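The sequence shown begins at 125 in my numbering and counts up by one.
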Amino acid sequence: IGAYENKHRQKKQVAEKGRHHEWLKQAHEVYRTALATAPPAPNLILVLVAGIAALGVGVFSLLGQRLPSLGSLVVAVVFAFLYLRQVRLSARHAGQREELHRIEEEFARLFGEPLTGLPMLLEYVQRTGEDFAAARLLKEQLSEDLRKIEALKQALRAHMLDLTGVDEDVQNWPKLLRQLETDLKFVEDKIREKELRLAELGVDPSDFCPEPGEVEYSKTRLEELQAELRKVENEIALESQKLASLKQAVCHLTGDDISANWGTVLLHLQEKYGEVLAAYKQLTAEILGKMVVFGVLKDLRQAEDSKIVAGLKSPSVQEPLFQLTGRYTGLDLDGDQLVVRDAFHRFTLSELSTGAQEQVLLALRLGFGTKVLHDKHLFLILDDAFQHADWGRRRLLVGKMVELARAGWQVLYFTMDDHIAELFDREGAELGDAYRRVDLETAVAPRTAEIF
Numbered sequence: 125i126g127a128y129e130n131k132h133r134q135k136k137q138v139a140e141k142g143r144h145h146e147w148l149k150q151a152h153e154v155y156r157t158a159l160a161t162a163p164p165a166p167n168l169i170l171v172l173v174a175g176i177a178a179l180g181v182g183v184f185s186l187l188g189q190r191l192p193s194l195g196s197l198v199v200a201v202v203f204a205f206l207y208l209r210q211v212r213l214s215a216r217h218a219g220q221r222e223e224l225h226r227i228e229e230e231f232a233r234l235f236g237e238p239l240t241g242l243p244m245l246l247e248y249v250q251r252t253g254e255d256f257a258a259a260r261l262l263k264e265q266l267s268e269d270l271r272k273i274e275a276l277k278q279a280l281r282a283h284m285l286d287l288t289g290v291d292e293d294v295q296n297w298p299k300l301l302r303q304l305e306t307d308l309k310f311v312e313d314k315i316r317e318k319e320l321r322l323a324e325l326g327v328d329p330s331d332f333c334p335e336p337g338e339v340e341y342s343k344t345r346l347e348e349l350q351a352e353l354r355k356v357e358n359e360i361a362l363e364s365q366k367l368a369s370l371k372q373a374v375c376h377l378t379g380d381d382i383s384a385n386w387g388t389v390l391l392h393l394q395e396k397y398g399e400v401l402a403a404y405k406q407l408t409a410e411i412l413g414k415m416v417v418f419g420v421l422k423d424l425r426q427a428e429d430s431k432i433v434a435g436l437k438s439p440s441v442q443e444p445l446f447q448l449t450g451r452y453t454g455l456d457l458d459g460d461q462l463v464v465r466d467a468f469h470r471f472t473l474s475e476l477s478t479g480a481q482e483q484v485l486l487a488l489r490l491g492f493g494t495k496v497l498h499d500k501h502l503f504l505i506l507d508d509a510f511q512h513a514d515w516g517r518r519r520l521l522v523g524k525m526v527e528l529a530r531a532g533w534q535v536l537y538f539t540m541d542d543h544i545a546e547l548f549d550r551e552g553a554e555l556g557d558a559y560r561r562v563d564l565e566t567a568v569a570p571r572t573a574e575i576f
């Protein structure tokens, strides 16, 4: 079949190359005949000579020379007659020239190049003739091969009919053969299964009873017993699988190899159980202890939160809050969030600007310090705490620091802001010698320390 298909493709290729051979043969004959019989085209030189002679007649007549004028007239008449004769011959064979033109156009359409003459046409006739002859030979060979294939197909059909008892089309043969192979494998497997079953019984073939036994054979009873046997075998296999999985899980816990015997594995499992039980008791005790500690800490935190809330609402915190911010009048705790309020709104500390946050935190430090220390006064260290405040608020904050210093606090303020330094100089002048300004030169930038 493969050789037939290859030969068929080869025949198709050469037939395509030689498919215009018949037309080329006919065109060659017509072209050759037309070229042989067609007269030449009228020669325009004859017209030119006749015209010059006619012109000469006119010129000589004007000059009064009769003999040259008569000679020129004869020449003009002769050449005009020859041209007209060629024109009549050309008109008589116009069909042949038209045929030549049609052949040249068809040749250009078929082969994609102009026809230059009879030799080129003959070359194409010879070239396509070889392909045409090869295609004809391959066609005859293919016909013979096809007859052989059909005979072989009929023989195979008869053989398939003997094997399967079914007369199938050729297209279905591969599927039918696969089915036969599957059936054959199934039968061979059944034979091996029966042979193994007989070998399991351990009965020598010489001991087979040729006569029926005492128990009458019943196919139904045999199928019932086989079904019960399969059920028991499946249950045994399932339990064995569960036991193997259990052993694998236990060995994973004890670190034993899966091939160890059950006695060793169970002994190590008992030891592992004791270790886990001891760890469980230890963890339980720790958890209970931590729960007690957590409860105590929770109570302490609630008590501390109550103190913090009370402190936030005390006048010692709220008064400096309003004095430093000029707007906010109270503080609250909302969970872990510090909330600041004015006469109309509530804000979390994170919602405030940086300058406002620093003012609120400073008020908290002062308020809680005053509340805890009562009449005692310590020191306060500030690192450019007013740099984010607006200029009008800065003067108020600096004035508050001066009041604290006057009340007995020691205030240290570090700044790199010239405006804040000038405010401290101006407001601190009231303290006299109690106010000192120290300029610190650093590697980065000058820094001023205001000391009260």
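Built from N, CA and C at the ideal position, the CB exists for glycine as well. Model, not experiment: these values are computed from the prediction.
Is residue i helix, strand or coil by DSSP?
| i | result |
| --- | --- |
| residue 387 | helix |
| residue 484 | helix |
| residue 532 | coil |
| residue 461 | strand |
| residue 451 | coil |
| residue 456 | strand |
| residue 538 | strand |
| residue 569 | Note on residue 569: pLDDT 48, under 50, position unreliable in the model; the coordinate value appears next. Note: residue 569 maps to coil in three-state DSSP. |
| residue 240 | coil |
| residue 548 | helix |
| residue 507 | strand |
| residue 468 | coil |
| residue 518 | helix |
| residue 564 | strand |
| residue 307 | helix |
| residue 229 | helix |
| residue 274 | helix |
| residue 322 | helix |
| residue 330 | helix |
| residue 267 | helix |
| residue 339 | coil |
| residue 248 | helix |
| residue 582 | The structure shown does not extend to residue 582, since the chain is modelled only from 125 through 576, so no value can be given for it. |
Can you confirm whether residue i, when its beta carbon is compared against all beta carbons of chain B, has any partner nearer than 7 Å?
| i | result |
| --- | --- |
| residue 452 | The structure shown contains no chain B; it holds only a single protein chain. |
Would residue i be called buried (16 or more neighbouring beta carbons within 10 Å of its own) or exposed?
| i | result |
| --- | --- |
| residue 518 | buried |
| residue 544 | buried |
| residue 472 | exposed |
| residue 461 | exposed |
| residue 418 | exposed |
| residue 151 | buried |
| residue 378 | buried |
| residue 558 | exposed |
| residue 231 | buried |
| residue 361 | exposed |
| residue 282 | exposed |
| residue 547 | buried |
| residue 304 | exposed |
| residue 584 | The structure shown does not extend to residue 584, since the chain spans only 125 to 576, so no value can be given for it. |
| residue 368 | exposed |
| residue 339 | exposed |
| residue 509 | buried |
| residue 504 | buried |
| residue 526 | buried |
Quick test of your reading: residue i and residue j, contact by CB under 8 Å. State the CB separation rounded to the nearest angstrom.
| i | j | result |
| --- | --- | --- |
| residue 513 | residue 521 | 6 Å |
| residue 463 | residue 476 | Incorrect: roughly 11 Å between the Cβ atoms, too far for contact. |
| residue 531 | residue 555 | Actually they are not in contact, since the Cβ atoms of residue 531 and residue 555 sit about 12 Å apart, beyond 8 Å. |
| residue 616 | residue 409 | Residue 616 is absent from the model: the chain starts at 125 and stops at 576. |
| residue 438 | residue 495 | 6 Å |
Is the separation between the beta-carbon of residue i and that of residue j shorter than 7 Å?
| i | j | result |
| --- | --- | --- |
| residue 538 | residue 507 | yes |
| residue 445 | residue 487 | yes |
| residue 523 | residue 551 | yes |
| residue 441 | residue 491 | yes |
| residue 549 | residue 511 | no |
| residue 381 | residue 389 | no |
| residue 451 | residue 466 | yes |
Segment contact, 8 Å Cβ cut-off, at least three pairs: the stretch 413-425 with the stretch 381-396:
no
Given 8 Å as the limit, is there contact between the stretch 451-470 and the stretch 398-412, that is, 3 or more CB pairs closer than that?
no
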